[in-house]
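>
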Amino acid sequence: IMSPWATPFIYVFCVKTLYSLYEALLSGDTLKGWWNGQRMWMVKRITSYLYGFIDTIRKLLGLSKMSFEITAKLQG
């Protein structure tokens, strides 16, 4: 993984993670609380992408009956 192209991405990931930890500790959170927050963020992120992927596949296969149509509001 030590390609020169990986270096900027590794740097950004490390700095983002350390800054997030710094902010959490500065606001009175614990290391364990910060870590649990990171884990929950990952679970939420993966779950939302999984649901989006499944919904897209269902629409492409014609299995989804749901649709969204924009309609004009009534003036009154």
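Everything in the sequence shown is counted per my numbering, starting at 13 for the first residue and increasing by one. The beta carbon of each residue, even a glycine, is placed where N, CA and C say it ideally should be.
#1: Ordered along the chain, which non-local residues of its own chain (more than five positions away) have a Cβ less than 8 angstroms from that of aspartate 67?
#2: So alanine 36 is in the alpha helix (DSSP H); what residue range does that whole segment cover?
#3: Does the beta-carbon distance from leucine 33 to tryptophan 53 come in below 7 angstroms?
According to the structure shown:
#1: As a first step, residue 67 must be located in the sequence shown, where it is residue number 55. Sequence-distant Cβ neighbours of aspartate 67 in its own chain, meaning closer than 8 angstroms and more than five residues away, are Ser76.
#2: Sequence index remark: in the sequence shown, residue 36 carries index 24 (1-based). Where alanine 36 is concerned, the enclosing alpha helix (DSSP H) stretches over 18-38.
#3: Position 21 of the sequence shown, counted from the start, is the residue given in the question as residue 33. Position 41 of the sequence shown, counted from the start, is the residue given in the question as residue 53. With contacts defined by Cβ atoms closer than 7 angstroms, leucine 33 and tryptophan 53 do not form a contacting pair.
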